[in-house]
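Structure, as structure tokens:
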Amino acid sequence: MDRKFFHTSLWCMAIVAAVSLLAALSLPAKAQTPTGSKWWPSEWGPDDQRGAMNRITPAKVLEAVSLIKEGKIYQLGRVYEPGMPLFGNRHYSLTIPGVPTGGPFGTNKLVYNDEMFSGEIGQIGTQFDGLGHIGTRVNGEDIFYNGFKLSEFGDSYGLKKIGVENVGVFFTRGVLLDVAAYKGVDRLEVGYVITIDDIKGTLEKEGIDIREGDVVIFRTGHGKLWMKDNKTYNSGEPGPGVTAIKWLVDKKIVMTASDTWATEAVPGEDPDRPFEGHQWLMNRNGIYNLENLDLEELAADKVYEFAFIFAPLRLKGATGSPGNPIAVR
Ligand code: UVW
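Numbering-wise, the sequence shown is residues 791 to 1119 according to this note's numbering.
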């Protein structure tokens, strides 16, 4: 090899190495999943199925108890009834099979009624999203909380892992962020993205903070459309964007909740990444979500901090639960 060719080759190799190094330093590492780096194992161990519920410690329960000063209960659950807004083609049906269903029995002539129910029981009306609700397709595999693979725990008669029967009971501090009031509107517009500054401004106005183990409830005013204008209700919604949701994740809360059907803004910050907030909550961080709440009485009384209580039904292998969460002050 002649000397000139040898030197030229060395220079070329040096330039290629320098360019590769610069590229490696300036470009983010190729994401391991569509939402960023891999999120498992969970901080509560590789077998954990309860996620952020681990934050509801006895001390947190006592903190919630200390907020009960008047004994006033607020029901936050909606009435389940025909005509309520439903997402997509989800359905609800309740029938009484015979009126009365049975009887009369004995000389005392007892009669009784039962009901037959059919519907996507965990995902209609006031609905609690469990950890089996949301996953992400990563290289052809649907991966859920703690890295659990749907191909291994999925079962058409109930999930074999992270079903709602594992969740337990929410008895913790709840905070109401009345963002509509903070913004001085009756209702935030469909698609309005609540920012971190909106949250900070609302907290300051209300004189409260967000603490580890809290349930953070957004009031947007969108709930006023419930059963009045279902078309607009279902057309999208205001709510926190994924940036604000990541900020809440860092606060180590246990659940987000809202007077909307998904809690997060629809469309969100990036219409090409629908419901990404759901992925950051349930999927990546084991944080729950509760939707379609009635927050009007709580807001009218300006109750921003309270004991929050909710026991999801122990439906084995279910993705969610109906229910009637309560706030007590
Ligand atoms: C989806 O299931 C996409 O949304 P939600 O949890 O709001 O019902």
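Glycine included, C-beta positions come from ideal geometry on N, C-alpha and C.
Within 6 Å: the Cβ of D919 and any heavy atom of the ligand UVW?
-> If you check the C-beta of D919 against the ligand UVW, you find a heavy atom less than 6 Å away.
Would the beta-carbon of F1008 be found less than 6 Å away from any heavy atom of the ligand UVW?
-> With a cut-off of 6 Å, the C-beta of F1008 is classified as distant from the ligand UVW, since no heavy atom of the ligand falls inside that distance.
Provide the residue span of the alpha helix (DSSP H) that contains I863, from first to last.
-> That residue, I863, is in no alpha helix (DSSP H); its beta strand (DSSP E) goes I863 to Q865.
Cβ distance (whole Å) where M1072 is taken to contact H923 below 8 Å | Right, their Cβ atoms sit about 6 Å apart.
So what does R1009 bridge to, in DSSP terms?
-> In the DSSP secondary-structure assignment, R1009 is bridged to D968.
To the nearest angstrom, how far is it from the Cα of N1049 to the Cα of V928?
-> Residue identity differs from the one stated: residue 1049 is Asp in this sequence, not Asn. Distance between the alpha carbons of D1049 and V928: 31 Å.
Could you name the residues of the same chain whose beta carbon sits closer than 8 Å to that of W1051, not counting the 5 residues immediately before and after it, in chain order?
-> Within the same chain, Cβ atoms closer than 8 Å to the Cβ of W1051 are found at P875, F877, Y1023, N1024, E1027, E1081 and N1082, the five residues on either side in sequence being excluded.
Distance between G1113 and P1102 (C-alpha atoms, nearest Å) | Their Cα atoms are separated by approximately 7 Å.
When you compare only the Cα positions, how much space is there between P848 and G997?
-> Distance from the CA atom of P848 to the CA atom of G997, rounded to whole angstroms, is 25 Å.
Under the three-state DSSP convention, the category Q1069 falls into = In the three-state reduction of the DSSP assignment, Q1069 falls in the helix class.
May I ask you to check if the CB of A1047 is nearer than 6 Å to at least one heavy atom of the ligand UVW?
-> Checking the Cβ of A1047 against the ligand UVW gives no.
Helix, strand or coil at F1096 [DSSP, three-state] = DSSP places F1096 in strand when its eight states are reduced to three.
Using the Cα positions of R840 and G953, report the straight-line distance between them to the nearest angstrom.
-> In this structure, the alpha-carbon of R840 lies about 9 Å from that of G953.
State the Cα-Cα distance for the pair F943 and K1041, rounded to the nearest angstrom.
-> C-alpha separation (whole angstroms): 30 Å.
Three-state secondary structure (DSSP) at G1113?
-> In the structure shown, G1113 sits in coil (DSSP, three-state: anything other than H, G, I, E or B).
Limits of the unbroken beta strand (DSSP E) element including A1034 | DSSP places A1034 outside any beta strand (DSSP E); the residue lies instead in the alpha helix (DSSP H), whose first and last residues are V1032 to D1040.
Start-end ranges of the alpha helix (DSSP H) lying completely within the segment 954-998, minimum 4 residues = Listed in chain order, they are 969-973 and 986-996.
Check whether the Cβ of Q1069 lies closer than 6 Å to any heavy atom of the ligand UVW, and answer yes or no.
-> The beta carbon of Q1069 sits no closer than 6 Å to any heavy atom of the ligand UVW.
Run through the segment 823-877 for me and flag every whole beta strand (DSSP E) of 3 or more residues, listed as ranges in chain order.
-> With a minimum length of 3 residues, the continuous beta strand (DSSP E) runs that stay inside the segment 823-877 are 863-865.
Can the beta-carbon of V1005 be found less than 7 Å from the beta-carbon of T962?
-> A Cβ-Cβ contact shorter than 7 Å links V1005 with T962.
Verify whether the separation of the beta carbon atoms of A970 and L978 is less than 7 Å.
-> Cβ atoms of A970 and L978: closer than 7 Å.
Can F1065 be considered in contact with the ligand UVW, in the sense that its beta carbon sits closer than 6 Å to one or more heavy atoms?
-> Under cutoff, so the answer is yes.
So which of R1001, G981 and L967 has the shortest CA-CA distance to L988?
-> Contrary to the premise, residue 988 reads as Asp rather than Leu in this sequence. Measuring from the Cα of D988, the nearest candidate turns out to be L967.
Drop a sphere of 10 angstroms on the beta-carbon of V1056, count the other beta-carbons inside from all chains shown, and report buried for 16 or more, exposed for fewer.
-> That one is buried.
Under the three-state DSSP convention, the category A1052 falls into = Three-state DSSP puts A1052 in coil, outside helix and strand.
Continuous beta strand (DSSP E) stretch holding N1079: start and end | Per DSSP, N1079 belongs to the beta strand (DSSP E) from Y1078 to E1081.
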